[in-house]
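Q:
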Amino acid sequence: MDQLSAIIIGANSALSQALALQLINDNVRLGLMAADTDALAPLMDKLPDNAELVAIDIFDPEACRSAFSQLWDTLDGAALVVINTAASGLDLSLPYALDKQINAVNVEGFTALANAAFTQMVEQKYGQLAAFTSIAGERGGPQIAFHASKAYQQNYLQGLRLHAQRLKLPITISDIRLGYIDKMQGRGSKTWGGSLDKISSQIIRALRKAKPQVYVTRRWRFISWLTRALPEFIYNKRKYK
Ligand SMILES: NC(=O)c1ccc[n+]([C@@H]2O[C@H](COP(=O)([O-])OP(=O)(O)OC[C@H]3O[C@@H](n4cnc5c(N)ncnc54)[C@H](OP(=O)(O)O)[C@@H]3O)[C@@H](O)[C@H]2O)c1
Numbered sequence: 116m117d118q119l120s121a122i123i124i125g126a127n128s129a130l131s132q133a134l135a136l137q138l139i140n141d142n143v144r145l146g147l148m149a150a151d152t153d154a155l156a157p158l159m160d161k162l163p164d165n166a167e168l169v170a171i172d173i174f175d176p177e178a179c180r181s182a183f184s185q186l187w188d189t190l191d192g193a194a195l196v197v198i199n200t201a202a203s204g205l206d207l208s209l210p211y212a213l214d215k216q217i218n219a220v221n222v223e224g225f226t227a228l229a230n231a232a233f234t235q236m237v238e239q240k241y242g243q244l245a246a247f248t249s250i251a252g253e254r255g256g257p258q259i260a261f262h263a264s265k266a267y268q269q270n271y272l273q274g275l276r277l278h279a280q281r282l283k284l285p286i287t288i289s290d291i292r293l294g295y296i297d298k299m300q301g302r303g304s305k306t307w308g309g310s311l312d313k314i315s316s317q318i319i320r321a322l323r324k325a326k327p328q329v330y331v332t333r334r335w336r337f338i339s340w341l342t343r344a345l346p347e348f349i350y351n352k353r354k355y356k
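Just add 115 to wherever you are in the sequence shown, counting from 1, and you've got this note's numbering.
Written as structure tokens, this is what we have:
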């Protein structure tokens, strides 16, 4: 491979697009996977001609795996794979349909793609797999299935990390634990929300340092510690809208 390649899964998200733009500055060839490829036309206009775009239906895990494998072959492998496909939702009436949808995306879809990426990296004998999880995965919370599914992802990534070590292969597994993304670009909560620029820069820095786990933005490491330390009788008294 003359030029390093990276695959971003869930490319429609504003965060994925910010990351894509940072990666091309580092002369990385991009392979993007997304549900709605038409919506990515404005981003594709900003990318070099050798960027690849592939449509996926995250609700069809087998098809996602073969699309991933084809993209991998087209790029002749990839040094980095970022999984950013995730569903969330809060409905205090707890409809099963919502939990089912979140699990289909965050557990089944995630597993299909993380497994596909890891398997290819084992064959390639190196690589970095990064996924955006959340501090929500560290303790149960109001978006019940979302919290639980992020805990699953964190645990799965830890397992892959152990497995890479067992295989003695230089495969880095990065669990990027996000706090809150200010998608309103400064108009959201300034206390908790990180801007996309700040978040994507911190992510790129963590990826370069091959960090196994990182909190983005950094202040969420403290919130995470506090959330985990709170005794149950206090934690359970939190009020949700
Ligand atoms: N937003 C936050 O404040 C926050 C906080 C903590 C953690 N996170 C995590 O950080 C990552 C990025 O967050 P984000 O807010 O930028 O994510 P997002 O835009 O809501 O979703 C990321 C991608 O997931 C896919 N997706 C979203 N909802 C879906 C659904 N209902 N069914 C199927 N696919 C769906 C889309 O993929 P396509 O591109 O293929 O359409 C989308 O581009 C996610 O893993 C999220 O869980 C976010």
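Built from N, CA and C at the ideal position, the CB exists for glycine as well. Because the structure is a prediction, the values reported are computed rather than measured.
Which residues does DSSP pair with Asp290 in a beta bridge?
A: Position 175 of the sequence shown, counting from 1, holds the residue named residue 290. As computed with DSSP, Asp290 is found in a beta bridge with Ala246 and Gln328.
Q: From Thr342, Leu293, Ala178 and Leu147, pick the residue whose C-alpha is nearest to that of Gly255; which is it?
A: Position 140 of the sequence shown holds residue 255. It is Thr342 whose Cα lies nearest to the Cα of Gly255.
Q: Would you say the beta carbon of Ser289 is closer than 7 angstroms to some non-hydrogen atom of ligand 1?
A: Within the sequence shown, the letter at position 174 stands for residue 289. Because no heavy atom of ligand 1 lies under 7 angstroms away, the Cβ of Ser289 does not count as near it: no.
Q: Please check the pair Arg259 and Gly294, which I expect to be a contact at CB under 8 angstroms, by giving their CB distance rounded to whole angstroms.
A: The residue given as residue 259 occupies position 144 in the sequence shown. The residue given as residue 294 occupies position 179 in the sequence shown. It is worth fixing the name first, because residue 259 is Ile in this sequence and not Arg. Taking the Cβ atoms as the reference, Ile259 lies roughly 19 angstroms from Gly294, outside the contact range of under 8 angstroms.
Q: Which whole runs of the alpha helix (DSSP H) in the stretch 154 to 199 are 4 residues long or more, in chain order?
A: 156 to 161 and 176 to 190
Q: Helix, strand or coil: how does DSSP classify Arg353 here?
A: Numbered from 1 along the sequence shown, position 238 holds the residue referred to as residue 353. Secondary structure of Arg353 (DSSP, three-state): coil.
Q: The alpha helix (DSSP H) spanning Arg343 covers which residue range?
A: Within the sequence shown, the letter at position 228 stands for residue 343. Taken as a continuous stretch (DSSP letters only), the alpha helix (DSSP H) holding Arg343 covers Trp335 to Ala344.
Q: Gly309 bridges to which residues according to DSSP?
A: Taking the first residue of the sequence shown as position 1, residue 309 is located at position 194. BP columns for Gly309 point to Ile296.
Q: In the DSSP assignment, find the beta strand (DSSP E) that holds Ala121 and state where it starts and stops.
A: Residue 121 sits at position 6 when you count from the first residue of the sequence shown. Ala121 -> beta strand (DSSP E) spans Ser120 to Ile124.
Q: Below 8 angstroms on the Cβ atoms is my contact criterion, and I expect Ile124 with Thr200 to pass it. Report the Cβ-Cβ distance as a whole number of Å.
A: Looking up residue 124 in the sequence shown gives position 9. Looking up residue 200 in the sequence shown gives position 85. Between Thr200 and Ile124 the Cβ distance is about 5 angstroms, and since that is below 8 angstroms, they are a contact.
Q: As an exercise, report each continuous alpha helix (DSSP H) stretch of at least 4 residues that is fully enclosed by the stretch 218 to 266, in chain order.
A: 225 to 239
Q: With the cut-off set at 8 angstroms, would you say Gln243 and Leu322 are in Cβ contact?
A: Residue mapping note: residue 243 aligns to position 128 of the sequence shown, counting from 1. Residue mapping note: residue 322 aligns to position 207 of the sequence shown, counting from 1. Cβ atoms of Gln243 and Leu322: closer than 8 angstroms.
Q: Count the other CB atoms within 10 Å of the CB of Thr248; is the residue buried (16 or more) or exposed (fewer)?
A: Start at 1 with the first residue of the sequence shown, and residue 248 comes out as number 133. Burial call: buried.
Q: Taking 8 angstroms as the cut-off, decide whether the C-beta atoms of Leu158 and Ala121 are in contact.
A: Taking the sequence shown and counting its residues from 1, one reaches residue 158 at position 43. Taking the sequence shown and counting its residues from 1, one reaches residue 121 at position 6. Not a contact, by the Cβ cut-off of 8 angstroms.
Q: Going straight from the alpha carbon of Lys354 to that of Val237, what length do you get?
A: By one-based count along the sequence shown, residue 354 stands at place 239. By one-based count along the sequence shown, residue 237 stands at place 122. Rounded to whole angstroms, Lys354 to Val237 spans 45 angstroms at the Cα level.
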